[in-house]
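Peer 1: First residue of the sequence shown? That's 1137 in the working numbering, and the numbers climb one at a time after it. Built from N, CA and C at the ideal position, the CB exists for glycine as well.
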Amino acid sequence: MIFRTRFAPSPTGPLHLGHAYSALLAHDHARRTPGGQFLLRIDDIDQSRARKEWEQQIYQDLAWLGITWDAPPRRESDHLAEYQAALQCLADRGLIYPCSCSRRDIREAASAPQERTPRQGPDGLIYPGICRGRAMSDMRESDAIRLDMRKAIDSLSALPSFREIGDLHKGTHALTTNTLCCGIGDAVLARPQMGASYHLSVVVDDAAQRITHAIRGADLFAATALHRLLAALLDVASPVYLHHDLIRDAAGKRLAKRDDARAIRLYRSEGATPEDIRRMVGLPPA
Ligand code: GLU
1137 MIFRTRFAPS PTGPLHLGHA YSALLAHDHA RRTPGGQFLL RIDDIDQSRA
1187 RKEWEQQIYQ DLAWLGITWD APPRRESDHL AEYQAALQCL ADRGLIYPCS
1237 CSRRDIREAA SAPQERTPRQ GPDGLIYPGI CRGRAMSDMR ESDAIRLDMR
1287 KAIDSLSALP SFREIGDLHK GTHALTTNTL CCGIGDAVLA RPQMGASYHL
1337 SVVVDDAAQR ITHAIRGADL FAATALHRLL AALLDVASPV YLHHDLIRDA
1387 AGKRLAKRDD ARAIRLYRSE GATPEDIRRM VGLPPA
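1) Entirely within the stretch 1287-1375 and at least 3 residues each: give me those beta strand (DSSP E) ranges in chain order.
2) So is L1175 buried or exposed if we call it buried at 16+ other beta carbons inside 10 Å?
3) Hey, out of H1349, I1351 and A1288, whose CA is closest to A1368's CA?
4) Is the stretch 1209-1221 in contact with the stretch 1356-1364, if contact means three or more CB pairs nearer than 8 Å?
5) Along the chain, where does the alpha helix (DSSP H) containing R1401 start, and where does it finish?
6) Would C1267 and S1291 qualify as a contact pair, given that the criterion is a beta-carbon distance under 8 Å?
7) Please report how far the alpha carbon of A1159 lies from the alpha carbon of R1177, in whole angstroms.
8) Below 8 Å, how does it come out for the stretch 1142-1157 and the stretch 1292-1299: are there three or more Cβ pairs, yes or no?
9) Looking at L1356 and ligand 1, is the gap between the Cβ and the nearest heavy atom below 7 Å?
10) Do you know how far the Cα of A1199 is from the Cα of V1340?
11) Excluding the 5 residues flanking L1356 on each side, which residues of the same chain have their C-beta closer than 7 Å to its C-beta?
12) What span of residues does the beta strand (DSSP E) with A1280 cover, start to end?
13) By alpha-carbon positions, which one of R1270, G1331 and R1276 ends up nearest to D1214?
14) Look at the alpha carbon of L1231 and the alpha carbon of G1202, and state the distance between them as a whole number of angstroms.
15) Measuring from each Cβ to the nearest heavy atom of ligand 1, keep the ones under 5 Å and list them in chain order.
16) By Cβ distance, which residues of its chain are closer than 8 Å to K1188, with the 5 residues on each side in sequence left out?
17) Going by the beta-carbon positions, is the gap between A1359 and P1208 smaller than 8 Å?
18) Could you compute how far the alpha carbon of Q1183 sits from the alpha carbon of S1333?
19) Could you pull the start and end residues of the alpha helix (DSSP H) that L1223 belongs to?
20) For Y1157, which residues from the same chain have a beta carbon less than 8 Å from its beta carbon, with the 5 sequence-adjacent residues on both sides left out?
21) Report back the beta-carbon spacing between I1347 and R1211 to the nearest angstrom; my notes put them in contact at under 8 Å.
22) So, using beta-carbon positions, are D1322 and G1260 closer together than 8 Å?
23) Where does Q1232 sit, in a helix, a strand or coil, going by DSSP?
24) How far does the beta strand (DSSP E) with R1140 in it reach, from first residue to last?
25) What residue range is occupied by the uninterrupted alpha helix (DSSP H) comprising I1242?
26) To which residues of the same chain is R1299 closer than 6 Å at the C-beta, ignoring the five residues directly before and after it?
27) Taking the alpha-carbon positions, what's the L1151 to Q1250 distance?
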């Protein structure tokens, strides 16, 4: 079986030790698997935050770490029509709706006395459904687009499962109505001025790049049920997952994704070698 994995950084800041760990781990897996491939994806769907300079820095840092990729990088901003087509496919089946709620509207509705205790989903509070039922024809430019989770579940003859090979959650995870409705809810699939949300683009991209194994941080495990569901709704392939622990500092604290003090380029400028970085993140020598 072909093994094809990827690293998908967002060019919104420098790569730090956590990114280096994720990229090196995926790269090691690909290089140690006969015929394995490693692909790069530039997660620049959020054009308001993505910068060309950061993208160039990513290429340089990865090359310095000894990482090579087996195809030209896929830049999400070059594929907006594909995300649009995916949204259209869901719209045609009545599974999405426009939403004009602010974070504050959601907070207030979720904490109204008649509501149960507000629950957290992968992107904050579970959406309490204020705009659910609005027609896509009623969409305004400033609206986001949400998945109608109930309808989405009902549209499938059976809920799928996904396979996890990472030590943290190893096994087969069957999606359930309870996890999807109470743990995820009506997720945002597109934001105003931003073709698609991460959750939609990652599913379209993994299928387009024919990724067999998605290796990424454990912070994304909770969203994996949503990614698997979207793949089923769009009838595209979905990968096996390996969610790795997030690296921690000496005191055991998880390293923040955006801790510029741990930027790879700073270590480089201070004379560290790629082997030093591997050691720092706990990986064996290349
Ligand atoms: N750009 C995303 C991140 O850095 C990629 C997540 C993924 O690998 O699916 O969190």
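Peer 2: Working from what's here:
1) 1297-1300, 1307-1310, 1324-1326 and 1349-1353
2) buried
3) A1288
4) no
5) I1400 to S1405
6) no
7) 11 Å
8) no
9) yes
10) 26 Å
11) H1379
12) A1280 to L1283
13) G1331
14) 44 Å
15) A1144, S1146, D1179, V1338 and R1352
16) P1147
17) no
18) 12 Å
19) L1216 to D1228
20) H1380, I1383, V1417, G1418 and L1419
21) That belief does not hold up - the Cβ atoms of I1347 and R1211 are roughly 16 Å apart, past 8 Å.
22) no
23) Here residue 1232 is Ile; the residue named in the question, Gln, does not match the sequence. I1232: strand per DSSP, three-state reduction.
24) R1140 to F1143
25) R1239 to A1246
26) T1308 and V1376
27) 45 Å
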